[in-house]
Amino acid sequence: MAGTIVADTLTHSTAGSIATNYVVEGSAKHWIRFIGTGTVAIRDSLSASSVTDNGTGDYTVAISNSLSDANYCLLIGETDWRTAGAPDEAAITASDYDLLSRSPNNATALDSTVNSIAIHGDLA
2 MAGTIVADTL THSTAGSIAT NYVVEGSAKH WIRFIGTGTV AIRDSLSASS
52 VTDNGTGDYT VAISNSLSDA NYCLLIGETD WRTAGAPDEA AITASDYDLL
102 SRSPNNATAL DSTVNSIAIH GDLA
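Structural data, given as structure tokens:
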């Protein structure tokens, strides 16, 4: 059975209201978290069908549901997650994470002037 719901505003009984265009225009359309060392593997994603390993640090991600054009905002993040100074995916939990900022030209740790972080996932 197919149907259509038409609404300009979504209202929650305790959290207030939001315009539906915010949900349509402001929500992530694609995101991916993948392991890029050894055998490349997608850990979780939305609208990602595959990752191709093109060589050291070079990947191509296939988007399952194409966007309307190439004028989208692309936020890319790469970091070493660490526990006791060593890269370790176990440093990521559902409630916090530890990261090590590095110079783009070498592996030297540094205090970054600007840090940008976005998280897309399910809330508990």
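Here this note's numbering runs 1 ahead of the position in the sequence shown, where the first position is 1. Note that the Cβ used here is the ideal one computed from N, Cα and C, for glycine as well.
* Residue range of the beta strand (DSSP E) that includes T53 -> Reading the sequence shown from its first residue, position 52 is the one you call residue 53. In the DSSP assignment, T53 falls within the unbroken beta strand (DSSP E) covering 49-56.
* Asked: Is N66 near S51, with beta carbons less than 8 Å apart?
  -> In the sequence shown, counting from the first residue as 1, residue 66 sits at position 65. In the sequence shown, counting from the first residue as 1, residue 51 sits at position 50. Taking 8 Å as the Cβ cut-off, N66 and S51 do not qualify as a contacting pair.
* V7, DSSP secondary structure in three states -> Position 6 of the sequence shown, counting from 1, holds the residue named residue 7. V7 falls in the coil class under three-state DSSP.
* Asked: Terminal residues of the continuous alpha helix (DSSP H) containing G27?
  -> Looking up residue 27 in the sequence shown gives position 26. According to the DSSP assignment, G27 belongs to the alpha helix (DSSP H) that extends over 21-27.
* **C-alpha distance - H31 paired with D59, whole-angstrom precision** => Position 30 of the sequence shown, counted from the start, is the residue given in the question as residue 31. Position 58 of the sequence shown, counted from the start, is the residue given in the question as residue 59. Here the alpha carbons of D59 and H31 stand approximately 19 Å from one another.
* Using the rule of at least 16 other Cβ atoms within 10 Å of the residue's Cβ for burial, across every protein chain shown, is I33 buried or exposed? -> To locate residue 33, count along the sequence shown from 1; it is residue 32. Buried, by the Cβ-count rule.
* Cα-Cα separation between I22 and C74, rounded to whole angstroms -> For the purposes of this step, residue 22 is identified with residue 21 of the sequence shown, where counting begins at 1. For the purposes of this step, residue 74 is identified with residue 73 of the sequence shown, where counting begins at 1. Looking at the sequence provided, one finds Asn at residue 22 rather than Ile. When rounded, the distance between both Cα atoms is 17 Å.
* **Candidates S28, G56, N72, of which the one nearest V41 by Cα** => Stepping through the sequence shown from its first residue, residue 41 is reached at position 40. Residue G56 is the option with its Cα nearest to V41.
* **Beta-carbon gap between D9 and A16 smaller than 8 Å** => In the sequence shown, counting from the first residue as 1, residue 9 sits at position 8. In the sequence shown, counting from the first residue as 1, residue 16 sits at position 15. No, they are not a contact pair.
* To do: Name the residue from I64, L68, I36, L76 whose alpha carbon lies nearest to the alpha carbon of D54.
  => Locating residue 54 in the sequence shown gives position 53, where the first residue counts as 1. When the alpha-carbon of D54 is set against those of I64, L68, I36, L76, the nearest one is in I36.
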